[in-house]
Every structure is written in C-alpha cells, then in structure tokens.
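Each number in the numbering used here corresponds to the 1-based position in the sequence shown with 4 added.
Where is the CB? At the ideal position from N, CA and C, for every residue including glycine.
Just so it is clear, the structure is predicted and the values come from calculations on it, not from any experiment.
Structure, as structure tokens:
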Amino acid sequence: MDSRAVLWIREFLVDHSQRVRVGRHYSEEVRVTSGVPQGSVLGPLLFLVYVNDIRRDIESKIILFADDCIIYRKVLNIKDVEKLQTDLDRLWDWAEENEMKINLNKSKALSSTRAWVNDPLNYSLGDQKIPEANCCKYLGIII
C-alpha cells in the first residue's frame with residue numbers, strides 16, 4: 005500500500021474526539037481511543053479490512069453483516085458438534101487476538117430441524133455457555 009494512503013488512514017483513526025448534540029446543546033468533547041468516526045464512509049470499509057481474516061482456520065460457515073456474525077454448520081453426529089465447538093473456540097481466540105469483544109448477551113444457540121430432538125445444545129464461547137433459544141432476531145428478521 006502506498007505510504008501516503010497509510011498516513012491518510014492513520015490521520016483518520018488517531019487522535020480524534022467526539023461530542024453529542026441534543027437540539028442546540030452540545031456535550032463536552034471526549035477523546036476517542038478506539039474505533040472509527042461514526043457515520044463516516046471510510047469506517048465500514050476499514051472495519052471489513054480489520055475482520056477480513058475472521059474465517060481463518062474455521063470450517064463452519066460464517067455470515068457477516070457489519071458487526072453481526074452468525075456461525076453455523078449442519079450437525080449430523082457428535083463429530084459435527086465437536087467441529088462447531090472447535091470453530092467457536094477459534095472465533096473466540098480470534099476476537100481476543102484482535103481485541104474485539106463478543107457480546108455474550110446477544111449470543112444464542114439455535115437448532116433448526118424437522119425432527120424432534122431432545123438433546124440440549126451445549127456450546128460455549130470462552131468460559132460462558134451459549135444460551136439455547138427457540139428463535140432469535142437477526143437484522144430485524146426473527147429466525
């Protein structure tokens with residue numbers, strides 16, 4: 005990458021502040037220590053570049069939209085269960101390596117099948133069990 009582009013992106017990301025406006029009133033400025041300026045055109049592109057390697061070493065399918073992520077696979081046997089958990093572990097490790105936080109309150113384990121299955125879903129992220137759900141909301145759609 006051209007060094008001028010790197011400098012331009014650095015200037016965009018480093019040493020910026022923000023404030024909130026409500027009506028005609030402004031809050032005090034606060035220094036931003038991470039992230040990109042909200043509402044910018046370049047911000048989403050830089051985020052995509054940052055998370056581009058999230059699929060590294062993961063065999064399950066991943067769907068990304070902005071900062072939302074779904075990881076899934078067809079589970080036919082215990083090996084598939086183990087592979088999905090391994091991929092969840094790799095996703096957790098990736099997040100830690102890249103200083104990203106996974107919102108465990110928004111994480112759900114969901115099963116979609118025509119058969120009646122009584123076995124509980126027993127997946128985890130880090131040391132937290134992912135709660136099982138009958139449905140979840142993703143991008144405004146209830147699955």
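Contact check for R23 against E33 passes: the beta carbons are separated by less than 8 angstroms. The alpha carbon of D84 has as its nearest neighbour, out of I58, D97, Y30, N126, the alpha carbon of N126. Of the residues assessed, L11 falls on the exposed side of the cut-off, its CB having fewer than 16 other CB atoms within 10 angstroms. Looking only at R28, G27, K110, the smallest Cα-Cα distance to A137 is reached by K110.
Shown here, A113 sits in a strand according to DSSP, grouped into three states.
With 16 or more other Cβ atoms inside 10 Å of its own Cβ, S64 counts as buried. Considering only G27, I13, S31, the residue with the shortest C-alpha distance to S21 is S31.
Taking C-beta separations shorter than 6 angstroms and ignoring five residues to either side along the sequence, the partners of A113 in its chain run L125, Y127, I134, E136, following chain order. L108 is positioned such that its CB atom lies no closer than 8 angstroms to that of Q89.
Between D71 and L143 the beta-carbon gap is near 12 angstroms, outside 8 angstroms, which marks them as no contact. Beta-bridge partners of D72 (DSSP): F69. For Q42, no alpha helix (DSSP H) run applies, since DSSP gives it neither H nor E.
Scanning E103, S7, C140 for the CA closest to the CA of S116 turns up C140. DSSP places R35 in the uninterrupted beta strand (DSSP E) bounded by 34-36.
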